[in-house]
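K.L.:
Going by numbering that gives the first Met the number 0, the sequence shown opens with residue 0, and the numbers climb by one from there.
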Amino acid sequence: MNAQAQLPTVFDVQRIRADFPLLARTVHDKPLIYFDNANTSQKPLSVIEAVDEHYRLHNANVSRAVHQLGEEATAAYEGAREKLARFINATSRNELVLTSGTTQAANLVAYSYALPKLQPGDAIVTTVMEHHANIVPWQIIAQRSGATVKAAPIDQRGELIVEEFVKLLTPEVKLACVAHVSNVLGTVNPIRELARECRKRGIPLLVDGSQAVPHRPVDVQALGCDFYMLTGHKMLAPTGTGALWARKELLQAMPPFFGGGEMIREVSFDGTTFAEPPHRFEAGTPNIAGFAGLSAAIDYYDSIGFEAIHAWEQQLLAYATDRLREVPGLRLFGEAKEKEPVISFLIEGAQATDMATLLDLQGVAVRSGHHCAHPLMKFYGVPATLRASLAFYNTREEVDAFITALLKVRTLLM
Numbered sequence: 000m001n002a003q004a005q006l007p008t009v010f011d012v013q014r015i016r017a018d019f020p021l022l023a024r025t026v027h028d029k030p031l032i033y034f035d036n037a038n039t040s041q042k043p044l045s046v047i048e049a050v051d052e053h054y055r056l057h058n059a060n061v062s063r064a065v066h067q068l069g070e071e072a073t074a075a076y077e078g079a080r081e082k083l084a085r086f087i088n089a090t091s092r093n094e095l096v097l098t099s100g101t102t103q104a105a106n107l108v109a110y111s112y113a114l115p116k117l118q119p120g121d122a123i124v125t126t127v128m129e130h131h132a133n134i135v136p137w138q139i140i141a142q143r144s145g146a147t148v149k150a151a152p153i154d155q156r157g158e159l160i161v162e163e164f165v166k167l168l169t170p171e172v173k174l175a176c177v178a179h180v181s182n183v184l185g186t187v188n189p190i191r192e193l194a195r196e197c198r199k200r201g202i203p204l205l206v207d208g209s210q211a212v213p214h215r216p217v218d219v220q221a222l223g224c225d226f227y228m229l230t231g232h233k234m235l236a237p238t239g240t241g242a243l244w245a246r247k248e249l250l251q252a253m254p255p256f257f258g259g260g261e262m263i264r265e266v267s268f269d270g271t272t273f274a275e276p277p278h279r280f281e282a283g284t285p286n287i288a289g290f291a292g293l294s295a296a297i298d299y300y301d302s303i304g305f306e307a308i309h310a311w312e313q314q315l316l317a318y319a320t321d322r323l324r325e326v327p328g329l330r331l332f333g334e335a336k337e338k339e340p341v342i343s344f345l346i347e348g349a350q351a352t353d354m355a356t357l358l359d360l361q362g363v364a365v366r367s368g369h370h371c372a373h374p375l376m377k378f379y380g381v382p383a384t385l386r387a388s389l390a391f392y393n394t395r396e397e398v399d400a401f402i403t404a405l406l407k408v409r410t411l412l413m
């Protein structure tokens with residue numbers, strides 16, 4: 000712990016910031032302070048160059064040509080799969096389905112895995128803190144099948160009440176779903192414990208890792224879950240990239256969800272045979288350039304290391320939280336013992352959208368709204384919050400400037 004605490008003192012954040020061109024721009028004649036990283040991260044130059052290089056030098060479709068460009072494009076695409084498998088410690092690259100993001104991954108599990116198994120009276124378990132992408136797909140297939148969706152509660156600190164989650168794991172439950180890290184509260188859920196309880200009861204556990212992968216090392220084997228979803232654009236990579244990891248035996252038993260080219264072995268009007276996983280689930284032309292960028296994003300994380308990233312971000316989180324407590328009338332949402340650098344808050348007497356608009360005029364980018372988490376807003380009895388979400392390229396000086404802007408905006412609205 001002491002060694003980790005010392006890491007931020009030698010963390011060269013200014014050198015890192017130089018790798019992110021957009022961080023140097025101004026907004027409304029003010030230096031940009033980008034605190035909307037839970038929404039989407041900024042991209043280092045190496046990722047931008049990887050996308051540019053693909054279109055300049057390697058542009059072709061994957062797995063459809065034996066010419067040089069086709070082989071290069073396929074190598075880049077499959078290389079990203081290989082790197083992702085290592086990045087999350089999958090046992091095989093063939094356990095990774097490349098998707099457009101977490102939403103597609105969730106729908107793939109919903110329609111290909113869960114829906115064929117669901118019958119009237121069955122249930123899917125999720126939690127109150129989930130993003131809509133980890134709620135709505137389950138509601139849709141539950142309506143089609145006669146199943147129900149049950150939500151485990153949280154406490155006022157924003158922590159999952161584990162014993163209540165476990166109580167919901169009754170015999171009729173066919174799938175349990177939970178965020179690794181809350182996109183609103185930053186809460187880190189105890190995935191290993193939840194996976195252990197699910198495994199005792201033979202219930203597969205799906206984990207939404209969208210907000211975890213950018214901040215901490217993920218080892219799907221150690222976590223013990225059955226499905227793990229991630230999205231590229233929150234982890235320095237281009238939009239339209241992501242992945243679903245699933246245990247090999249689950250993928251093998253799942254029928255295709257999308258139909259089209261490249262997911263087949265042979266097509267005739269007498270019937271079609273499908274490719275083996277993961278290609279069975281990757282119909283159509285993928286975002287090849289985007290995955291070249293995702294590959295470069297993984298390299299960038301590796302060049303810094305998650306130990307240093309996590310230590311710096313935790314210092315920033317603690318500093319920003321302490322500074323926010325100085326603001327009169329400010330209410331924090333989510334004070335879990337273990338959390339990532341996501342801070343949701345409101346100031347008494349001020350609307351979240353009004354504050355976000357005025358902060359933008361000061362060069363500060365934060366998110367306002369329900370954050371695709373209506374049930375969580377309802378739990379706290381508010382229509383919306385402001386969310387400041389930090390990344391390893393943010394600084395203490397930016398936090399100070401954010402607090403100065405927040406106090407100014409508060410004065411204007413009081």
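Glycine included, C-beta positions come from ideal geometry on N, C-alpha and C.
For D28, which of helix, strand or coil comes out of DSSP?
P.N.:
Three-state DSSP puts D28 in coil, outside helix and strand.
K.L.:
Would you check if the distance between the CB atom of L114 and the CB atom of P277 is smaller than 8 Å?
P.N.:
Taking 8 Å as the Cβ cut-off, L114 and P277 do not qualify as a contacting pair.
K.L.:
For the region 140–155 against the region 121–132, do three or more pairs of beta-carbon atoms, one drawn from each stretch, fall closer than 8 Å, so that the two count as touching?
P.N.:
Result yes; three or more Cβ-Cβ pairs closer than 8 Å.
K.L.:
Would you mind stating whether A74 and I287 have Cβ atoms separated by less than 8 Å?
P.N.:
Cβ atoms of A74 and I287: not closer than 8 Å.
K.L.:
Could you tell me the distance, in whole angstroms, from the CA atom of G69 to the CA atom of A109?
P.N.:
In a straight line, the C-alpha of G69 is about 33 Å away from that of A109.
K.L.:
On the DSSP bridge list, what partners appear for K82?
P.N.:
Answer by DSSP bridge pairing: none, since K82 is not bridged.
K.L.:
Provide the residue span of the beta strand (DSSP E) that contains M419, from first to last.
P.N.:
Outside the shown range of the chain (0 to 413) lies residue 419, about which nothing can therefore be said.
K.L.:
Pull the bridge partners of L174 from the DSSP assignment, please.
P.N.:
Bridge partners of L174: I123.
K.L.:
Taking the alpha helix (DSSP H) that A390 belongs to, which residues open and close that run?
P.N.:
That residue, A390, is in no alpha helix (DSSP H); it is neither H nor E in DSSP.
K.L.:
Between which residues of its own chain and T410 is the CB-CB distance below 6 Å, once the five residues before and five after are set aside?
P.N.:
There are no such residues.
K.L.:
Residue range of the beta strand (DSSP E) that R330 falls in?
P.N.:
Per DSSP, R330 belongs to the beta strand (DSSP E) from 329–332.
K.L.:
Alpha carbon to alpha carbon, what distance is there between A274 and H373?
P.N.:
The straight-line gap from Cα to Cα measures roughly 39 Å.
K.L.:
Taking 6 Å as the limit between beta carbons, can you name the residues of its chain near E347, skipping five residues before and five after?
P.N.:
Once the five neighbours on either side are set aside, the close Cβ partners of E347 are G328.
K.L.:
Taking 8 Å as the cut-off, does the region 208–221 touch the region 13–27 (at least 3 CB pairs, one atom from each stretch)?
P.N.:
Segments in contact, no.
K.L.:
Measure from the alpha carbon of H27 to the alpha carbon of each residue in T356, T90, E396, then state which is nearest.
P.N.:
Minimum Cα distance to H27 is reached at T356.
K.L.:
Taking just the CA atoms, how far does T384 sit from G145?
P.N.:
The straight-line gap from Cα to Cα measures roughly 34 Å.
K.L.:
Buried or exposed: which applies to G333, given that a residue is buried once 16 or more other Cβ atoms fall within 10 Å of its Cβ?
P.N.:
The residue in question, G333, is buried, as its Cβ has 16 or more Cβ neighbours within 10 Å.
K.L.:
Nearest by alpha-carbon distance to L235: which of R24, D11, V50 is it?
P.N.:
Among R24, D11, V50, the Cα nearest to that of L235 is on V50.
K.L.:
Just to confirm, does L168 get its C-beta within under 7 Å of one of the non-hydrogen atoms of the ligand MG?
P.N.:
What this structure holds is no ligand at all, so the ligand MG is not there to describe.
K.L.:
Using the beta-carbon count (16 or more within 10 Å), is R55 buried or exposed?
P.N.:
Counting Cβ neighbours within 10 Å, R55 comes out exposed, since fewer than 16 surround it.
K.L.:
Identify every run of the alpha helix (DSSP H) within the region 209–294, keeping only runs that are complete inside it and at least 4 residues long; order them along the chain.
P.N.:
219–222, 247–252, all fully within the region 209–294.
K.L.:
Considering only the beta carbon of each residue, do I297 and F86 sit closer than 8 Å?
P.N.:
Their beta carbons are under 8 Å apart, which means I297 touches F86 by this criterion.
K.L.:
Which term fits S343, buried or exposed, when burial requires 16 or more other beta carbons within 10 angstroms of its beta carbon?
P.N.:
Flag for S343 reads buried.
K.L.:
Does the contact criterion of 3 or more C-beta pairs under 8 Å hold for the region 306–319 versus the region 361–368?
P.N.:
Segments in contact, no.
K.L.:
Roughly how many angstroms lie between the CA atoms of T240 and R366, to the nearest whole one?
P.N.:
Their backbone Cα atoms lie some 22 Å apart in a straight line.
K.L.:
Leaving aside the five residues before and after N38 along the sequence, list all residues of the same chain whose C-beta is less than 6 Å from its C-beta, in chain order.
P.N.:
So the qualifying residues of the chain are R366.
K.L.:
With distances taken from CA atoms, which of K233, I190, H232, E396 is nearest G223?
P.N.:
Ranking K233, I190, H232, E396 by Cα distance to G223 puts I190 first.
K.L.:
Would A291 pass as a contact of A79 if the rule is Cβ separation under 8 Å?
P.N.:
The answer is yes: Cβ separation under 8 Å.
K.L.:
Which first and last residues belong to the alpha helix (DSSP H) in which F164 is found?
P.N.:
Here the alpha helix (DSSP H) through F164 covers 161–166.
K.L.:
So L412 packs on A349, CB below 8 Å; how close in whole Å?
P.N.:
Their Cβ separation, rounded to whole angstroms, is 4 Å, which keeps L412 and A349 in contact under 8 Å.
K.L.:
For I346, does the three-state DSSP call read helix, strand or coil?
P.N.:
If DSSP states are grouped into helix, strand and coil, I346 belongs with the strands.
K.L.:
Can you give, in chain order, each stretch of the beta strand (DSSP E) that sits fully within the region 30–109 and has at least 3 residues?
P.N.:
Fully enclosed beta strand (DSSP E) runs of 3 or longer: 95–98.
K.L.:
Have a look at the DSSP bridge pairing and note the partners of D207.
P.N.:
DSSP, once it has assigned bridges, lists A178, M228 as partnering D207.
K.L.:
Where does T169 sit, in a helix, a strand or coil, going by DSSP?
P.N.:
Reduced to three states, the DSSP call for T169 is coil.
K.L.:
Thinking D207 and A178 are a contact (beta carbons under 8 Å), I'd like their distance in whole angstroms, please.
P.N.:
Confirmed, Cβ separation roughly 5 Å.
K.L.:
Between N184 and K82, which are expected to be in contact by the criterion C-beta below 8 Å, what is the C-beta distance as a whole number of angstroms?
P.N.:
The displayed chain sequence assigns Leu, not Asn, to residue 184. At roughly 30 Å, the Cβ-Cβ gap does not stay under 8 Å, so L184 and K82 are not in contact.
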